Amino acid sequence: MGSEFLLLGAGLLAGAMNALAGGGSFVTLPALIAAGVPSVAANASSTVALYPGGLASAFVYRQGLTQVCGVPIRPMLAVTLIGGLAGSLLLLWTPSSTFDIILPWLLLTATLALAFGPRLAPWLQRHAQIGPGPILVLQFALGVYGGYFGGAVGLMMMAAWSLLAGVDLKQLNPPRTLMVSAANTVAVVCFAIAGAVRWPQALMVALGALAGGYLGAHVGRRLDPRAVRAATIALSVAMTAVFFVRAARG
Numbered sequence: 011m012g013s014e015f016l017l018l019g020a021g022l023l024a025g026a027m028n029a030l031a032g033g034g035s036f037v038t039l040p041a042l043i044a045a046g047v048p049s050v051a052a053n054a055s056s057t058v059a060l061y062p063g064g065l066a067s068a069f070v071y072r073q074g075l076t077q078v079c080g081v082p083i084r085p086m087l088a089v090t091l092i093g094g095l096a097g098s099l100l101l102l103w104t105p106s107s108t109f110d111i112i113l114p115w116l117l118l119t120a121t122l123a124l125a126f127g128p129r130l131a132p133w134l135q136r137h138a139q140i141g142p143g144p145i146l147v148l149q150f151a152l153g154v155y156g157g158y159f160g161g162a163v164g165l166m167m168m169a170a171w172s173l174l175a176g177v178d179l180k181q182l183n184p185p186r187t188l189m190v191s192a193a194n195t196v197a198v199v200c201f202a203i204a205g206a207v208r209w210p211q212a213l214m215v216a217l218g219a220l221a222g223g224y225l226g227a228h229v230g231r232r233l234d235p236r237a238v239r240a241a242t243i244a245l246s247v248a249m250t251a252v253f254f255v256r257a258a259r260g
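Under the numbering used here, the sequence shown has 129 at position 119, and the numbering climbs by one with no breaks.
The following block contains the structure:
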């Protein structure tokens, strides 16, 4: 019974985090692994579990959808879907032992991008003029990352877009929730067909994430984006450290 409460609580917190700034899988992935799910299956199950909460957040944010870095939503959505398919297939071909080694570095990449992205943004915007083509290539890569890892892809998108667009996190929340849901849509289908999802555990996380995602999206409209970002970075650093220790212990 304890694991059920753990997974339900992790889903609730993760759903709220995803609605605010992303990074919910920093909670659900270790919770699923703690419940005895192997890492690749835990990552697939986490993606499936957080999917309904992401859709709920996207629904709440639907009125705020706008261009991303000057590129219309539709082409951004298309390349995200294609990238998500490629990434999810890549994950299914990755052994759990290999993924255990890669996982801390993926978490570290996401954490660094979120932490230092805003500082690099002014410099990049002064010295680089990036057109729609490179932005779509970048978004494809983010889609691959999302389909492969699922975890922290929202953070990666926010960090990359803030570098290029120079807007605060709250303005990027509507397109972020849509793009993350797009990458996760194809990933969920692939993982389900491949039998990579632990459905009982995923269902418990999903119940919490659905409520957390809907409530978090409403709360996110009122919170100071600096506080949201600081709290997300703090949790990201802690979880990254935990997974490096876990990988070192084998």
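All C-beta atoms in this analysis are idealised placements derived from N, C-alpha and C, irrespective of residue type, glycine included. None of the values given here were measured: they were computed from a predicted structure.
Under the assumption that Gln181 contacts Met86 (Cβ atoms under 8 Å), give the Cβ distance between them as a whole number of angstroms. In fact, because the Cβ distance is near 15 Å, the residues do not count as touching under 8 Å.
Assuming Thr57 contacts Gly160 under a Cβ cut-off of 8 Å, what Cβ separation, rounded to an integer in Å, is found between them? 4 Å
Rounded separation between Leu16 and Val47 - CA only: 13 Å
Using DSSP with H/G/I as helix, E/B as strand and the rest coil, what is Val147? helix
Whole-Å CB distance - Val190 paired with Met167, under 8 Å assumed: 7 Å
Per-residue burial, Ser67 [other beta carbons within 10 Å of its own, 16 or more giving buried]: buried
Check each candidate in Ala258, Gln77, Trp171 and name the one with the smallest Cα separation from Ala123. Trp171
Sequence-distant residues of the same chain with beta carbon closer than 6 Å to Arg72, five excluded per side: none
Three CB pairs or more closer than 8 Å across the segment 222-231 and the segment 22-29: yes
Could you check the C-alpha separation between Gly33 and Leu213 for me, to the nearest Å? 19 Å
Do the CB positions of Ser246 and Ala169 come within less than 9 Å of each other? no
If you check the beta carbons only, do Gly97 and Gly153 fall under 9 Å apart? yes
Reduced DSSP secondary structure (H/G/I, E/B, other) of Val252: helix
Nearest CA to the CA of Ala51: which residue from Arg239, Gly205, Gly141? Gly205
Please report how far the alpha carbon of Gly157 lies from the alpha carbon of Leu95, in whole angstroms. 6 Å
Shortest alpha-carbon distance to His228 belongs to which of Met249, Pro184, Ala258? Pro184
Give me the Cα-Cα distance between Val252 and Phe69, rounded to the nearest whole angstrom. 33 Å
In chain order, what residues of the same chain lie with their CB nearer than 8 Å to the CB of Leu100, ignoring the 5 residues before and after it? Val154, Gly157, Tyr158
Backbone CA spacing between Ala216 and Leu174 [nearest angstrom]: 33 Å
Determine, using beta carbons only, whether Thr38 and Ala20 come nearer to each other than 9 Å. yes
Please tell me whether, using a cut-off of 8 Å, the distance from the CB of Ala123 to the nearest non-hydrogen atom of the ligand NAP is below it. Of the ligands one can find in the structure shown there are none, so the ligand NAP has no counterpart to examine.
When the Cα atoms are used, what is the spatial distance from Ala59 to Leu117? 19 Å
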